[in-house]
Structure formats: C-alpha cells, structure tokens
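The structure under discussion appears below in the form of structure tokens.
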Amino acid sequence: MKKAYVFPGQGAQFSGMGKDLYDASELAQELFHKANDVLGFSITDIMFNGTDEDLKQTKVTQPAIFIHSVILAKTLAEDFKPDMVAGHSLGEFSALVAAGSLSFEDGLKLVSQRANAMQKACEIKPSTMAAILGLEDQVVEDICGAIDEVVVPANYNCPGQLVISGSIEGVDQACEKLLEAGAKRAIKLNVGGAFHSPLMQPAQEELKNAIQATTFKEPICPIYQNIDAKATRNPDQIQENLIKQLTGAVRWTQTIQNMIADGSTSFTEVGPGKVLQGLVKKVDRKMEVASAAIA
C-alpha cells in the first residue's frame, strides 16, 4: 500500500487562507515571514485579510497557493512520508519543494517569476480557456487540431473533463464544434489567458533562464510531472520538464492512472481546497482520498 501526496493549482485560493496554519505553528510563522521577505510585500496580509478579489491577482494567487501548500506539508513533519508526489500545474512547484528537490525560497522565487511572466504573456494577446464535459479526449484533440486558430487541450483533469486553451476565436470555434460533436457542456473559464498553450511561449522563455539558474536536488520520492505523467527523481529531467510545463498540457488523468498502476491506494491533498480529491475519485472510485491536516 503506497501513499501519494498531491498539490493543487490556481483556483484553490480563498480569503483567510493559511491563518489557521500561522496560528498553530511556530515553524509556519517563520516560513510565512520568510515568504514576505522573498516577495518584498506582505502576502500574509492579503492571504489572511484580503478579499477574494485581492487574491485573484495572478501575482498573489500563485504564490499564495504555493505558500499555503508547502507550509502545510512542512508542518506535517514526520507524518509527511510520501511514496510519490504530483502537483496540478502550479502545484508541481509545491510538490517539488515538499519532496526536497527545491528549497522553499527558490521555489517561491520561481513561482513569483512564473506568475508575473504569465501575466505579461496574457496581456500580449486576448486568450482564454474552456472546460469541455462529456467527450472522449481523442474527440477533443481531433476537433482542436482541425481549427486554424490557436486552441489546444490544456488540462486532462479526469475522464470526461478536458480543459482547452487558446485564442478567444479558437476557443469559441472549438466550443461550438465540440457541442455539435456531443459535449454535455462547454464552459468558458474566468481566467486571465491561455495557460498551458503555445500562447504562453513568451512566459516560458522568461522562466526558462530562471529555472536553469536554480539548483534542483534529487527528491525524497518520485514526482510524476505534468508534461509526461511519468515518475522521475532525476534533477536534470525535473528541470527540463518544468520548463516545458508552461506551454504543454497538464496530463492529470494520466498522472493519477500511473500513480495507481505503480501501487498507490491513497491520495492526500496538501493545500487549499478539495478539487484534486474529486478528480482522483473520478479516475478511480476505489481510491482513498483525504485532506492534509495540521499536525
């Protein structure tokens, strides 16, 4: 019986996040203060007291979820004994820090740079994402591939739920064609741009140098990365996969399937929200799921 720990991505934030952690642990307080120093502004103030609107700013959202997830993992102390880890999009950075491949400071710097680079890329061309429900992955891939505009499968979340990403025209055309092909729903998402698509190329270029200049160590257990859904502990491979992640798809369905095939019987979600637990159950009902609790 193996235990997997999974880390959420953007969208899991909520007002007041992390305050319970701060109040419960001296280690958490130390790390929250360190986070403020690294970022150069009081993210704790926004996390604990800010409005939902404040937390929606990309430069805040991504670091806030990362900080919450990593500090929660660190406060688990001896209870944190993963046989394998994975993170959804941004959550991959949290997973790498929790598993000892990256330091907290380096991880936070990269996440902050990633958020700012993505924000800039979003401003270059109007773009969006949409969740497609009730179609086979192959059908979505084929329809997106036949459209002249930029539109690609971006998040393989669970069987029957695939998020597409691209230019506004491309996503609109794809949604229309996918509904005609039998999709139950095509829901435009309230996001700043086309994450995990070729339109993130400028952000990838910017982040590539920062990732290459950062020291990665071998993690304490295999990490299943978004770009290929495969397990690795090789620091060079981890680095390479992380660079590709911004423009490549998040293969979450395949990641969970591979973790189960490799012996995982339980999944603990480390961070705000319960989205990943729901997705794991949609991949395999028999899996045990839980939220990490403060030790």
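Numbering (the numbering used here), first residue to last: 1 to 295.
Ideal Cβ positions, reconstructed from N, Cα and C, are used throughout, including at glycine.
Looking only at 288, 100 and 119, the smallest Cα-Cα distance to residue 221 is reached by 100.
A Cβ-Cβ contact shorter than 8 Å links residue 294 with residue 75.
In the structure shown, residue 114 falls within a helical segment according to DSSP collapsed to helix, strand and coil.
The C-alpha of residue 288 lies about 32 Å from the C-alpha of residue 236. Counting along the chain, residue 162 sits inside the beta strand (DSSP E) bounded by residues 161-167.
Minimum Cα-Cα distance from residue 63 among the listed residues 27, 78 and 116 corresponds to 116. Distance from the Cα of residue 149 is smallest, within the candidate group 191, 199 and 70, for 199.
Using a 10 angstroms sphere on the CB of residue 3, the tally of other CB atoms reaches 16 or more, which defines it as buried.
At the C-beta level, residue 98 and residue 156 stay beyond 8 Å of one another. Ranked by how close their Cα comes to the Cα of residue 292, the residues 1, 52, 18 and 10 have 18 in first place.
Secondary structure note for residue 144: it is in no beta strand (DSSP E), and the uninterrupted alpha helix (DSSP H) holding it is 137-145. Judged by DSSP secondary structure, residue 84 falls within the beta strand (DSSP E) whose first and last residues are 84-87.
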